[in-house]
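Scroll down for the structure; my scribbles are underneath it.
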Amino acid sequence: RYQSLAYSHILEIHKQHLSPVRTAYFQKPLLLHQGHMEWLFDSDGNRYLDFFSGIVTVSVGHCHPKVNAVAQEQMERLWHTSSIFFHPQMHEYAEKLSALLPEPLKVIFLVNSGSEANDLAMVMARAYSKKTDIISFRGAYHGCSPYTLGLSNVGSFKMELPSGMGCHSTMCPDVFRGPWGGSYCRDSPVQTIRKCSCVPDCCQAKEQYIEQFKDTLNTCVAKSIAGFFAEPIQGVNGVVQYPKGFLKEVFELVRERGGVCIADEVQTGFGRLGSHFWGFQTQDVMPDIVTMAKGIGNGFPMAAVVTTSEIAKSLANCLLHFNTFGGSPLACAIGSAVLEVIKEENMQENSQEVGTYMLLKFANLRDEFDIIGDVRGKGLMVGIEMVQDKRSRRPLPLKEVNQIHEDCKDMGLIMGRGGPFSQTFRIMPPMCVTKPEVDFAVEVFRSVLIQHMERRAK
Ligand code: PMP
57 RYQSLAYSHI LEIHKQHLSP VRTAYFQKPL LLHQGHMEWL FDSDGNRYLD FFSGIVTVSV
117 GHCHPKVNAV AQEQMERLWH TSSIFFHPQM HEYAEKLSAL LPEPLKVIFL VNSGSEANDL
177 AMVMARAYSK KTDIISFRGA YHGCSPYTLG LSNVGSFKME LPSGMGCHST MCPDVFRGPW
237 GGSYCRDSPV QTIRKCSCVP DCCQAKEQYI EQFKDTLNTC VAKSIAGFFA EPIQGVNGVV
297 QYPKGFLKEV FELVRERGGV CIADEVQTGF GRLGSHFWGF QTQDVMPDIV TMAKGIGNGF
357 PMAAVVTTSE IAKSLANCLL HFNTFGGSPL ACAIGSAVLE VIKEENMQEN SQEVGTYMLL
417 KFANLRDEFD IIGDVRGKGL MVGIEMVQDK RSRRPLPLKE VNQIHEDCKD MGLIMGRGGP
477 FSQTFRIMPP MCVTKPEVDF AVEVFRSVLI QHMERRAK
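In case it helps, the UniProt record's numbering puts the sequence shown at residues 57 to 514.
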């Protein structure tokens, strides 16, 4: 057991010296001391199966031995230079990362966080297109900087300050919760319980969303735009999958209006979706700019923007573009080790196999419990949407979702939350997770739901 400050002392320090905005999960937030691969350990020595990976960040496992060894070795040699110098780690990393992206996405800008990456992508889109307007989905989260706050259309993150000049939100084609139904058009091995009764043909839902996208385009200056941002599957909004082919059609519309298409791979990249290394490949689209963070460094702060040489050149007209920490030797050594581990340990294949297994197991629970409205996702990115009952699809009240979340944690399972009512459990374990661990998680969730239904019946 690791000795540290007493919990009460930690709480006091938190209250006095840390952000008053509460982001911590659980009534009594966990005080974590140690991590190993897909496991976390608290100050009392209790262990938890981490099915949220520090918000989809720990891609190859907490303190992965190879990543740790590379980081330690690099720390002994050289931490930091700033991009005014060359160092081999940066060049090796750029070569490795670019090899994983299709032509013409070959120019890499290294930064430190997802928000910074999306900020830079916004700048690039505007500099290249010489236009201002940018569109993103409602419910999307692309960052919390003043610039990206305009893209992030999650009400709870908005502040009373002018942000989002030139940013437009458009309806998210959410086939479970959206007004036009159409659950069957998702590319998924599991299907939702029933089609929405108001939509005789699910493809009509896609057409409705396309029409409203065109409508949004028409509200932009001169009906043209600089760019369109989308996550291949929405994370914070509760693992929302779009109708098949939707992004492809939308990308065409964006390009017709002079804009570039930006794929935010902060949650979906690096093999998490299993069948493909990048989320955009699962949608059969080719973005002009790709942003990535979180899993790129397995928890070490690093991020990247990858684009074409033509778009990259548009930044050259500002003469200097600089980032002190982006692409440090330490970050690049870690980034390279992460890419090697994903390959050597077949983590993408594991995401596909264990992820599909997990999706099907949770889908069985959906058939068993009326309060699970939907189970969706791809690879190791799964969402479980909790409802009052399947018929109404009204979100399960927050108090009940909180209780289920808390009870799972007490039994050793940590899950994430998402969705406009925080009604969706987000399941995104490190990519080294195994089938027996999935079985454990499913059993914990099931027994918590049984208890919950008993409490509800009283
Ligand atoms: N894009 C997506 C899809 C994200 O999920 C996040 C973080 N949750 C960000 C961007 C912003 O990343 P960061 O917190 O590193 O700034």
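All C-beta atoms, glycine included, are put in the ideal place defined by N, C-alpha and C.
Item                                                                                                                       : Value
Continuous beta strand (DSSP E) stretch holding Q90: start and end                                                         : 88-92
G382 beta carbon near ligand 1 (any heavy atom closer than 7 Å)                                                            : no
Touch test, the stretch 184-191 against the stretch 143-161, Cβ-Cβ under 8 Å, three pairs minimum                          : no
From C464, H508, K514, M484, residue whose alpha carbon lies closest to that of R103                                       : C464
Cα-Cα separation, P451 to H332                                                                                             : 32 Å
Y197 CB to nearest heavy atom of ligand 2 below 7 Å                                                                        : Ligands in the displayed structure: ligand 1; ligand 2 is not one of them.
Residues of its chain near S225, where Cβ-Cβ distance is below 6 Å and the 5 sequence neighbours each way are ignored      : R194, N209
Helix, strand or coil at T338 according to DSSP, with G and I counted as helix                                             : helix
Assigned secondary structure, K162 (DSSP; H/G/I helix, E/B strand, else coil)                                              : coil
Boundaries of the alpha helix (DSSP H) in which D430 is found, first to last residue                                       : From DSSP, D430 is part of no alpha helix (DSSP H) but of the beta strand (DSSP E) over 428-434.
Assigned exposure category for Q264 - 16 Cβ within 10 Å defines buried                                                     : buried
Contact test: V292 Cβ vs ligand 1 heavy atom, cutoff 7 Å                                                                   : yes
Element boundaries [beta strand (DSSP E), containing C388]                                                                 : It is not in any beta strand (DSSP E) - C388 instead sits in the alpha helix (DSSP H) that spans 385-400.
Where the beta strand (DSSP E) through A286 begins and ends                                                                : 283-286
Cβ neighbour criterion (16 or more within 10 Å) applied to I460                                                            : buried
Continuous beta strand (DSSP E) stretch holding E441: start and end                                                        : 437-442
Neighbourhood of G353 by C-beta, 7 Å cutoff - its chain only, sequence neighbours within 5 removed                         : A387, I390, G391, V394
Any non-hydrogen atom of ligand 1 within 7 Å of G433 CB                                                                    : no
Pairwise C-alpha distance: Y81 and M75                                                                                     : For the sequence presented, residue 75 should be read as Ser rather than Met. If I take the Cα positions, the gap works out to 15 Å.
Contact the stretch 404-411 vs the stretch 327-346: 3+ CB pairs below 8 Å                                                  : yes
G170: CB within 7 Å of a non-hydrogen atom of ligand 1                                                                     : yes
Reference L303; option with closest CA among C317, E396, E312, L371                                                        : C317
Distance, L105 Cα to A62 Cα                                                                                                : 24 Å
Length of the line joining the Cα atoms of A173 and N458                                                                   : 32 Å
Which listed residue (I190, S171, M146) has its alpha carbon closest to that of V163                                       : M146
Any non-hydrogen atom of ligand 1 within 7 Å of D320 CB                                                                    : yes
Exposure of F142, with buried meaning 16 or more beta-carbon neighbours within 10 Å                                        : exposed
Chain-order list of residues whose beta-carbon lies under 7 Å from that of R250 (same chain, five-residue window excluded) : Legend: pLDDT at R250 = 45, less than 50; position of this residue unreliable, value from coordinates given subsequently. Cβ within range, chain order: n/a, list empty.
First and last residue of the uninterrupted beta strand (DSSP E) at A359                                                   : 359-363
Member of L207, D230, M227, R512 whose CA lies at the smallest distance from the CA of S219                                : L207
Alpha-carbon to alpha-carbon, R233 and C252                                                                                : Any reading at C252 is ruled out, since the residue's pLDDT is 44, under 50, leaving its predicted position unreliable.
Simplified DSSP assignment, three categories, for Y298                                                                     : coil
Top-ranked residue by Cα proximity to C276, from P299, E216, P343, I190                                                    : I190
Buried or exposed by the 16-neighbour rule on C-beta atoms within 10 Å, applied to H65                                     : exposed
DSSP beta-bridge partners of V167                                                                                          : A359
DSSP-derived helix/strand/coil call for R103                                                                               : strand
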